Amino acid sequence: MSYLIAFLIAHVTFHPSLNKKLNANFDGIVFINHGSLIFLSLCLAFIFSDVAQVSAKARATVISEADALRTLGRISLSLDARVGDPLMATLKQYTQDVLQKEWPEMQRSSGAKVSTSESSALGPLTKMSDIVFNPQNQLLLSPPLTNQLISFTNRIREQRLLRVEFSRYHIGYPRLGLVLFLLSVSVIVLTLSAVSKRPVQIISNFTLLLLTLISLLVVYTQQNPFAALDAKSPLPLEEALQRLDLMKKVVF
227 MSYLIAFLIA HVTFHPSLNK KLNANFDGIV FINHGSLIFL SLCLAFIFSD VAQVSAKARA
287 TVISEADALR TLGRISLSLD ARVGDPLMAT LKQYTQDVLQ KEWPEMQRSS GAKVSTSESS
347 ALGPLTKMSD IVFNPQNQLL LSPPLTNQLI SFTNRIREQR LLRVEFSRYH IGYPRLGLVL
407 FLLSVSVIVL TLSAVSKRPV QIISNFTLLL LTLISLLVVY TQQNPFAALD AKSPLPLEEA
467 LQRLDLMKKV VF
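Positions in the sequence shown are counted from 1; adding 226 to them yields this note's numbering.
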């Protein structure tokens, strides 16, 4: 595709009548502004930086969520059985639903669609909140324990929302439009810089188009950190579930 575009541009600009006019106006000009090439490179660099930051944040979110689940599980062991037992069961069910329902959804290229309980962990998450915020259950606990339960439950809810949101990340049409605009300007600049040198013009345009399109393809495939080539692993949540199982075995 890049070669065809570069060849088509050369075919048009080296048409005898048009090339004569272009040579008369632009041949020998050495001060054509190449700022568009610089801006194009910077724009791609910023986009790659955003994608990398989203990937790093997604990994930190999964780790934070897994840590909150393990900590809440440890706390549940020291609670009154009327609160601790259903809380532990709900934590395990939530983690299982995240791994079995939400994670496959997040691995879709378009991101997670978890608006229904059939494809999400909203059911056990709601039950977890009901247990923690139930006034009768809070009467069975000391204020510090109640505050800890509320804090970790809120963290799980927040990290889940962030995790789902990161799976839906995309660079957006404005930035894509800016890249294509700068690419067009850069191609025009290179074309006018070599109106008397057909091989140089073809090679220059071909190289610029190829590198830019490859960069956009890489960005597109890396947008969703859970469906990228270096997709984030569910290992922290899997280890959290294993730890919750071990905690239950210790209790009994």
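Ideal Cβ positions, reconstructed from N, Cα and C, are used throughout, including at glycine.
Keep in mind that this is a model prediction, so the values were computed, not measured.
For proline 451, does the three-state DSSP call read helix, strand or coil?
Proline 451 sits in coil when the DSSP states are folded into three classes, being neither helix nor strand.
How long is the line joining the alpha carbons of alanine 307 and leucine 317, rounded to whole angstroms?
Approximately 15 angstroms, taken between the alpha carbons.
For proline 369, which of helix, strand or coil comes out of DSSP?
Three-state result, proline 369: helix.
Please list, in chain order, all residues of the same chain as alanine 294 whose beta carbon is under 6 angstroms from its beta carbon, the five residues on each side excluded.
The residues are Phe378, Arg381 and Ile382.
In chain order, what residues of the same chain lie with their CB nearer than 8 angstroms to the CB of phenylalanine 478, ignoring the 5 residues before and after it?
The pLDDT assigned to phenylalanine 478 is 40, lower than 50, so where the model puts this residue is not dependable; a value taken from the coordinates is nonetheless given after this. Within the same chain, phenylalanine 478 has no close Cβ partners at all.
Distance check for glycine 349 and phenylalanine 392, CA to CA, integer angstroms please.
Computed Cα separation, rounded: 21 angstroms.
Considering only residues of the same chain and omitting the five flanking positions on each side of threonine 417, which have a CB-CB separation below 7 angstroms?
Non-local beta-carbon contacts of threonine 417 in its own chain, meaning distances under 7 angstroms to residues more than five positions away in sequence, involve Ile235, Thr239, Gln427 and Asn431 in chain order.
Drop a sphere of 10 angstroms on the beta-carbon of lysine 475, count the other beta-carbons inside from all chains shown, and report buried for 16 or more, exposed for fewer.
Interpretation of lysine 475 is limited by its pLDDT of 47, a score under 50 that renders its predicted location unreliable; no figure is taken from the coordinates.
For glycine 398, count neighbouring Cβ atoms within 10 angstroms of its own Cβ and tell me buried if that reaches 16, exposed if not.
Exposed.
Helix, strand or coil: which one does DSSP assign to lysine 475?
With a pLDDT of only 47 at lysine 475, under 50, the local geometry of the prediction cannot be trusted, and no value is derived from it.
Mind checking glutamate 291: buried by the 16 CB within 10 Å criterion, or exposed?
It is buried - the Cβ of glutamate 291 has at least 16 other Cβ atoms within 10 Å.
Suppose only complete runs of 4+ residues qualify. What are the alpha helix (DSSP H) ranges in the segment 281-347, listed by chain order?
Annotation: the segment 281-347 contains the following complete segments of the alpha helix (DSSP H) (minimum length 4 residues), in chain order: 307-323 and 329-332.
Compare the beta carbon distance of leucine 266 and serine 412 with 8 angstroms and say whether it is the shorter of the two.
Contact check for leucine 266 against serine 412 passes: the beta carbons are separated by less than 8 angstroms.
Give me the Cα-Cα distance between threonine 226 and leucine 455, rounded to the nearest whole angstrom.
Only positions 227 to 478 of the chain appear in this structure, which leaves residue 226 out of reach.
Thinking C-alpha only, which one of Asn363, Arg296 and Val444 is nearest leucine 472?
Of Asn363, Arg296 and Val444, the residue nearest in Cα terms is Arg296.
Simplified DSSP state of lysine 423, which is helix, strand or coil
Secondary structure at lysine 423: coil, using DSSP grouped into helix, strand and coil.
Could you have a look at isoleucine 397 and say whether DSSP puts it in helix, strand or coil?
Three-state result, isoleucine 397: coil.
8 angstroms contact criterion, which lysine 458 and valine 288 should meet: CB distance rounded
Contact holds; Cβ gap of about 6 angstroms.
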